[in-house]
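Number of protein chains: 2
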Amino acid sequence: MPILAATRSSYPVPATERPTPQADDVRLIGVTMSYARGREICGQGERANHVYKVIRGAVRSFRMLSDGRRQICDFYLPGDIFGIELGGERRETAEALADTVLLVARRSALIDEEDGPMARQLWRLAVAELQRSQDHVLTLGRRSASERVASFLVDLSDRLGAGEDLELPMSRQDIADYLGLTIETVSRSLTQLQAIGMIKVGGCRLIHLCRPAALADLCE
Amino acid sequence: MPILAATRSSYPVPATERPTPQADDVRLIGVTMSYARGREICGQGERANHVYKVIRGAVRSFRMLSDGRRQICDFYLPGDIFGIELGGERRETAEALADTVLLVARRSALIDEEDGPMARQLWRLAVAELQRSQDHVLTLGRRSASERVASFLVDLSDRLGAGEDLELPMSRQDIADYLGLTIETVSRSLTQLQAIGMIKVGGCRLIHLCRPAALADLCE
DNA sequence: CGCTCTATTGAGTGGGGTCAAATAAGGTGG
DNA sequence: CCACCTTATTTGACCCCACTCAATAGAGCG
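Heads up: the protein sequence lines correspond to chains P and H, in order. Everything in the first sequence is counted per our numbering, starting at 97 for the first residue and increasing by one. Everything in the second sequence is counted per our numbering, starting at 97 for the first residue and increasing by one.
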């Protein structure tokens, strides 16, 4: 019998089978599932049969080169929808950053519908993700290490709606693989931003933005 | 009276007013316009009232940081559609790489339609562009200079359907701004790829891929 | 308290950037 | 068609930001 499973588990656990009470943006009907920290949600090369909405926790989505270099494409936070692909095969792997609860819906429930409004919702979703990806391209292509870290913090603060006190759901390694840097460089950039009074690092998952506006200005 | 204008002109010139005879992918109804090399097609911050399909020539789409650093998000080649935005404002500027002919359609003709199949076409278009952008992220985040240039050449060859003889529609500066490098590094990478027998540079706009498969392998 | 995992800091290196000069490729006007 | 001018590309010399390798310091957990 499915239960709401917030406990650490080795395999994904169905949590409830009711559709979400309120659908914010896109109406998803599916099953909520729990994933333990680090667990794979869906893998590169698999058939893309489901789409996901983050209820609690956080997710990283990434691709790897054959020699092991990893690039994180995006992090997904509560409210975000991910996993909508064009063709049948997934191009990215998604993993839970922390213990995470997802709403899992059949892809067919979304895509095969001859429903104009729904298709437009999907389109909006795709365009919004495209814009995020293009911001990412700008950051990776033309910003220095500390600018990348600054823009990352600003973006995360906006998305979490957390104001000036950020609790990072991801490790330094994840940030590095998102920003195209190494963990050492991420760490040094944080130290440097702290030195110029932009932020205050209080434990490795806690960051206070002392001057959010100035931080945003760093990214132009 | 609008004419088919292939001549160099200072301002965009309407070419014909008939809809395209055959629509490949998305049925666009609009006006064909000619743009001289270097001319702006639409600018960052403007209202996004039109969408564009490349008939002849090529287009670069880019964003700039306040200090002048430029990041090219994508190049658009004959057959490609671009300029579909979510909100009202454009986030990127588009310019003609060479003398270019575009089919220009009103955005409203696409978006306001309550047409399921059309909305799905739009969605496919957006997802396809998203996938290209995510490939770009992987390249910028985790590949070395010569790997970037190699993957760029392979991708361009695929898209142009040109086989092993590539005619580049863009300058070294454009390539550099697309790949997050400098022109000097692009040039050195090309020289290096030539030195190991991968390509043959014959004039700055002509590149022959001697070993296309090996070149693709460089990008893993 | 000790073990393990993660993050920070330090020292040294190298890939790609900067600056500058040489070369090649286009245009333009005579 | 050629000489001249302008712009784009290549090459060289040198430097610096970010990477690598290594050691230290915290954090989390049993």
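Don't be surprised by glycine CBs; every beta carbon is placed ideally from N, CA and C.
With DSSP as the reference, label Asp-313/H as helix, strand or coil.
Secondary structure at Asp-313/H: helix, using DSSP grouped into helix, strand and coil.
Taking any Cβ of chain P, which residues in the stretch 184-195 of chain H have a Cβ under 9 Å from it, in chain order?
Residues of the stretch 184-195 of chain H that bring their beta carbon within less than 9 Å of a beta carbon in chain P comprise Arg-187, Glu-188, in sequence order.
Going along the chain, which residues of its own chain have a beta-carbon closer than 6 Å to the beta-carbon of Ala-246/H, five neighbours each way excluded?
Only Leu-311, Leu-314, Cys-315 meet the Cβ criterion.
Given Gln-118/P, which residues of its chain have a CB within under 6 Å of its CB, disregarding the five upstream and five downstream residues?
With a pLDDT of 37 at Gln-118/P, under the threshold of 50, the predicted position of this residue should be treated as unreliable, though the coordinate-derived value follows. Within its own chain, no residue has a Cβ closer than 6 Å to the Cβ of Gln-118/P once the five positions on either side in sequence are excluded.
Roughly how many whole angstroms lie between the Cα atoms of Ser-204/P and Glu-188/P?
Between the alpha carbons of Ser-204/P and Glu-188/P lies a gap of roughly 19 Å.
Members of the stretch 203-233 of chain P near chain H, C-beta cut-off 7 Å
Identification of residues in the stretch 203-233 of chain P having a C-beta nearer than 7 Å to some C-beta of chain H yields Glu-210, Asp-211, Gly-212, Ala-215, Arg-216, Leu-218, Trp-219, Arg-220, Ala-222, Val-223, Ala-224, Glu-225, Leu-226, Gln-227, Ser-229, Gln-230, His-232, Val-233, given in sequence order.
At least one CB of chain P closer than 8 Å to the CB of Gly-237/H: is that the case?
Closer than 8 Å to some Cβ of chain P, the Cβ of Gly-237/H qualifies, so yes.
Going by Cα to Cα distance, which pick from Val-127/P, Arg-228/P, Tyr-274/P, Ile-137/P is closest to Arg-165/P?
Checked all of Val-127/P, Arg-228/P, Tyr-274/P, Ile-137/P; the closest Cα to Arg-165/P is Tyr-274/P.
Write down every uninterrupted run of the beta strand (DSSP E) in the stretch 139-181 of chain P whose length is 3 residues or greater and which is fully enclosed by it, in chain order.
Those beta strand (DSSP E) runs which fall completely within the stretch 139-181 of chain P and span 3+ residues are 146-152, 155-160, 166-172.
Where Arg-202/H falls: helix, strand or coil (DSSP):
Residue state for Arg-202/H is assigned as strand, using DSSP reduced to three classes.
Gln-269/P at chain H interface by Cβ criterion, 8 Å:
Answer no: the Cβ-Cβ gap between Gln-269/P and chain H never drops below 8 Å.
In the DSSP assignment, find the unbroken beta strand (DSSP E) run with Glu-260/H in it and report its ends.
That residue, Glu-260/H, is in no beta strand (DSSP E); it is neither H nor E in DSSP.
Could you list which residues in chain P have their beta carbon closer than 9 Å to that of Leu-311/H, in chain order?
By Cβ distance, chain P contributes nothing, its closest Cβ being about 15 Å from Leu-311/H, past 9 Å.
Spatial distance of Phe-158/P from Thr-278/P (CA atoms):
Distance between the alpha carbons of Phe-158/P and Thr-278/P: 16 Å.
Hey, Arg-186/P and Ala-144/P: beta-carbon distance below 8 Å or not?
In this structure, Ala-144/P lies closer than 8 Å to Arg-186/P by Cβ.
Hey, is Glu-280/H's beta-carbon within less than 8 Å of any beta-carbon in chain P?
Not one chain P Cβ lies under 8 Å of Glu-280/H.
With 8 Å as the threshold, decide whether the Cβ of Ser-162/P is near any Cβ in chain H.
Taking CB atoms only, Ser-162/P has a neighbour in chain H less than 8 Å away.
Simplified DSSP state of Val-250/P, which is helix, strand or coil
If DSSP states are grouped into helix, strand and coil, Val-250/P belongs with the helices.
Could you tell me which residues DSSP pairs with Ile-303/P in its beta bridges?
According to DSSP, which records beta bridges pairwise, Ile-303/P is partnered with Leu-262/P, Val-297/P.
Using only CA atoms, which one of Gln-227/H, Glu-191/H, Leu-124/H lies nearest to Ile-177/H?
Minimum Cα distance to Ile-177/H is reached at Leu-124/H.
Taking Cβ-Cβ distances below 9 Å as the criterion, which residues of the stretch 164-182 of chain H are in contact with chain P?
Within the stretch 164-182 of chain H, the residues whose Cβ lies closer than 9 Å to some Cβ of chain P are Arg-165, Arg-166, Gln-167, Ile-168, Cys-169, Asp-170, Ile-180, Glu-181, Leu-182, listed in chain order.
Any contact of the stretch 238-253 of chain P with the stretch 276-296 of chain P, i.e. 3+ C-beta pairs under 8 Å?
The stretch 238-253 of chain P makes contact with the stretch 276-296 of chain P: 3 or more CB pairs, one atom from each, lie closer than 8 Å.
Is DSSP giving Ala-192/P helix, strand or coil here?
Secondary structure of Ala-192/P (DSSP, three-state): strand.
Comparing the C-beta of Arg-159/P with each C-beta of chain H, is any distance below 8 Å?
Nearest CB-CB separation between Arg-159/P and chain H: below the 8 Å threshold.
Do Glu-206/H and Val-147/H have their C-beta atoms within less than 8 Å of each other?
The displayed chain sequence assigns Leu, not Glu, to residue 206/H. Yes, they are a contact pair.
Can you tell me whether Ile-292/P is buried or exposed, with buried defined as 16 or more other CB within 10 angstroms of its CB?
In the assembly as shown, Ile-292/P is an exposed residue. Its beta-carbon has fewer than 16 other beta-carbons within 10 Å.
Since Arg-228/P and Ala-215/H are thought to touch, with beta carbons under 8 Å apart, how far apart are those beta carbons, to the nearest angstrom?
About 21 Å separates the two Cβ atoms, so there is no contact after all.
Cβ-based neighbour list, Gly-141/P, same chain, cut-off 8 Å, excluding 5 preceding and 5 following
Counting only residues of its own chain and dropping the five nearest sequence neighbours on each side, Gly-141/P has a CB closer than 8 Å to the CB of Glu-185, Arg-186.
I'd like the span of the beta strand (DSSP E) that includes Thr-128/P, first residue to last.
Element bounds for Thr-128/P: 126-131.
One question on the structure: do Pro-308/P and Ser-253/P come within less than 8 Å of each other, judged by their Cβ atoms?
In contact: Pro-308/P and Ser-253/P (Cβ atoms closer than 8 Å).
Strictly below 8 Å CB to CB, what residues from chain P border Glu-316/H?
In chain order, Leu-161, Ser-162, Asp-163 make up the part of chain P whose C-beta sits under 8 Å from the C-beta of Glu-316/H.
Chain H contact residues for Gly-276/P, given Cβ-Cβ distances below 8 Å
Those within 8 Å of Gly-276/P in chain H are Leu-236, Gly-237, Arg-238.
Would you mind sorting Ala-258/P into buried or exposed? The rule is 16 or more other CB atoms within 10 Å of its CB.
Of the other Cβ atoms in all chains shown, fewer than 16 fall within 10 Å of the Cβ of Ala-258/P; this residue is therefore exposed.
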